[in-house]
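J.: In the numbering used here, the protein residues as written are 81 to 245.
Don't be surprised by glycine CBs; every beta carbon is placed ideally from N, CA and C.
Since this is a predicted model, take the numbers as computed values, not measurements.
Please see the structure below; I have some questions.
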Ligand code: SME
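Rendered as structure tokens:
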């Protein structure tokens with residue numbers, strides 16, 4: 081059984097280093113992309129403070145993201161590339177750090193409680209294959225240290241999982 085360890089959140093760099101080590105241990109020896117996404121979302125939702133949603137959207141085609149494993153309230157299933165925070169991240173090829181979702185035109189509100197959002201890209205040798213999306217009920221919840229930490233977790237997930245059909 082995997083037991084997530086409580087970690088000190090006062091030093092964000094140390095927090096994310098510890099969380100990255102826990103995620104590596106959790107995914108070690110497993111390459112199933114759905115199982116690993118489910119456990120990654122669960123670990124993040126359990127360990128990262130002040131979240132109301134954490135999960136995955138995967139590119140089903142060049143034009144559309146489809147919901148993957150997540151923790152939180154049920155969410156919108158399909159997001160067009162270029163739409164919302166997630167689709168904009170894919171279109172621009174960059175992480176999106178949104179301090180207040182009310183100030184982001186086109187934000188897709190899956191949970192009315194969400195006030196800030198962090199979306200990072202999932203990438204492998206062939207390019208972007210999806211996003212990891214975190215929502216918080218607190219405005220301004222995420223900063224550059226959270227972005228760097230979550231980008232590292234997304235890279236650990238991407239390296240662990242096989243997407244061969
Ligand atoms: N807010 C996202 C949609 C996904 S939910 O937050 C789970 C967006 O604007 O793309």
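(1) Less than 8 Å between the CB of residue 182 and some heavy atom of the ligand SME, yes or no?
(2) Take residue 169 and list the residues in its own chain whose beta-carbon comes closer than 7 Å to its own, dropping the five residues that flank it on each side.
(3) Tell me, please, which residues DSSP counts as bridged to residue 96.
(4) Would you report the Cα separation of residue 147 and residue 94, rounded to the nearest angstrom?
(5) Is it the case that the Cβ atoms of residue 191 and residue 224 are separated by a distance below 9 Å?
(6) Starting from residue 204, follow the beta strand (DSSP E) in both directions and report where the run begins and ends.
(7) Which residues bound the beta strand (DSSP E) around residue 188?
(8) Since I believe residue 132 is in contact with residue 196 (beta carbons under 8 Å), could you give me their beta-carbon distance rounded to a whole number of angstroms?
(9) Just the C-alpha distance for residue 231 and residue 97, rounded to the nearest angstrom, thanks.
(10) Over the uninterrupted beta strand (DSSP E) stretch that includes residue 81, give me the two end residues.
T.: Straight from the coordinates:
(1) No, the ligand SME has no heavy atom inside 8 Å of this Cβ.
(2) Correct list, in chain order: 175, 176, 199, 201, 211.
(3) Beta-bridge pairing links residue 96 to no other residue.
(4) Each residue's alpha carbon lies about 30 Å from the other.
(5) In this structure, residue 224 does not lie closer than 9 Å to residue 191 by Cβ.
(6) Looking at the DSSP string, the run of the beta strand (DSSP E) that includes residue 204 is 196-204.
(7) Unbroken run through residue 188: none, as it is neither H nor E.
(8) Distance from residue 196 to residue 132 at the Cβ level is roughly 10 Å; contact not present, criterion being Cβ atoms closer than 8 Å.
(9) One C-alpha to the other measures close to 12 Å.
(10) In this chain, residue 81 is not harboured by any beta strand (DSSP E), its DSSP state being neither H nor E.
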